[in-house]
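Trainee: Let me begin by handing over the structure; questions about it come next.
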Ligand code: IPE
Ligand code: IPE
Ligand code: MG
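Residue numbers (this note's numbering): 259 to 488.
Structural data, given as structure tokens:
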């Protein structure tokens, strides 16, 4: 059995869940947020070292302002409410994404959390926030050129170093809840050899048993990386 060190999750289906249960998409976002804490605890229990969560994509700006405002409110609420507990549980928090269009108060909170938890080591939880893989690559290429990099210096390792995820190993597993089978601009470079799991449950309903099932299926996967696995 092999075990994963890094799990990435596209936490999809909140809106559908909220609509169905409360006739309110935002209720789905609220319960989805509560589920994040539980999933972090499960991941610590089974010794996952990195957990990356897709919380807001660069394309999610296409949603109605009312929903975007609520999502931003929720992120602030989550970080404020949970910061002490996360820190006490030795959890390191990191953010990946474009912080340029993020309101200043939220940016300050993000920097503070990253700084205060930087020496924790039970698990690293990475929030992909205003994240888009294509925008990440554009940003990397711009910086590569700004630093006057020579053509012969460009290789995979150098590009890795310019991504938001530098120093973080690529995910072993990608989970997407909500039933859709697509990547929605999430970690396109980093997921190149991840094992993909699409779950027919909305994010607020995703639980420890679902996670264990994924880990079990991953455990017996033959990862070949292009070789013959002999
Ligand atoms: C994912 O749930 C959460 C975010 C994008 C913030 P959705 O809001 O996309 O839920 P569905 O897919 O519409 O049900
Ligand atoms: C992906 O879900 C983004 C997050 C979970 C944050 P979306 O619901 O935005 O993706 P699409 O629109 O179905 O591709
Ligand atoms: Mg969705």
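For every residue, glycine included, the Cβ atom is placed at its ideal position computed from N, Cα and C.
1) So which of 382, 396, 316 has the shortest CA-CA distance to residue 359?
2) Is residue 295 near residue 461, with beta carbons less than 9 Å apart?
3) Which two residues bound the contiguous beta strand (DSSP E) that contains residue 453?
4) From the DSSP output, which residues share a beta bridge with residue 208?
5) Using the C-alpha atoms, what's the distance from residue 429 back to residue 449?
6) Confirm the yes/no value for this check: CB of residue 289, any heavy atom of ligand 2, distance under 8 Å.
7) Does DSSP put residue 336 in a helix, in a strand, or in coil?
8) First and last residue of the beta strand (DSSP E) that includes residue 350?
9) By Cβ distance, which residues of its chain are closer than 7 Å to residue 423, with the 5 residues on each side in sequence left out?
10) Would you be able to state if there are at least three C-beta pairs under 8 Å between the region 296-312 and the region 366-384?
11) Thinking C-alpha only, which one of 457, 425, 426 is nearest residue 440?
12) To the nearest whole angstrom, what separates the beta carbons of residue 455 and residue 431, a pair I think is in contact under 8 Å?
13) Residues in its own chain within less than 6 Å of residue 268 by CB, not counting five upstream and five downstream?
Mentor: According to the structure shown:
1) In the chain shown, counting from the first residue as 1, residue 359 sits at position 101. For the residues 382, 396, 316, the minimum Cα distance to residue 359 belongs to 316.
2) As a first step, residue 295 must be located in the chain shown, where it is residue number 37. As a first step, residue 461 must be located in the chain shown, where it is residue number 203. No; because the gap between Cβ atoms is not below 9 Å, this pair is not in contact.
3) Along the chain shown, read from residue 1 onward, the residue named residue 453 stands at position 195. 453-456 is the span of the beta strand (DSSP E), which, as asked, contains residue 453.
4) Because the chain spans 259 through 488 in this model, residue 208 falls outside it and cannot be assessed.
5) The residue you call residue 449 lines up with position 191 of the chain shown. The residue you call residue 429 lines up with position 171 of the chain shown. Approximately 6 Å between the Cα atoms of the pair.
6) Walking along the chain shown from the start, residue 289 turns up at place 31. Incorrect: residue 289 has no Cβ contact closer than 8 Å to ligand 2.
7) In the chain shown, counting from the first residue as 1, residue 336 sits at position 78. Reduced to three states, the DSSP call for residue 336 is helix.
8) Your numbering for residue 350 matches position 92 in the chain shown. First-last of the beta strand (DSSP E) with residue 350: 349-354.
9) Here residue 423 refers to the residue found at position 165 of the chain shown. 354, 448.
10) yes
11) Here residue 440 refers to the residue found at position 182 when the chain shown is read from its first residue. Residue 440 has its Cα closest to that of 457, out of 457, 425, 426.
12) As a working note, residue 455 is residue 197 in the chain shown. As a working note, residue 431 is residue 173 in the chain shown. That pair is a contact at about 6 Å.
13) Position 10 of the chain shown, counted from the start, is the residue given in the question as residue 268. So the list reads 312, 434, 444, once near-sequence residues are dropped.
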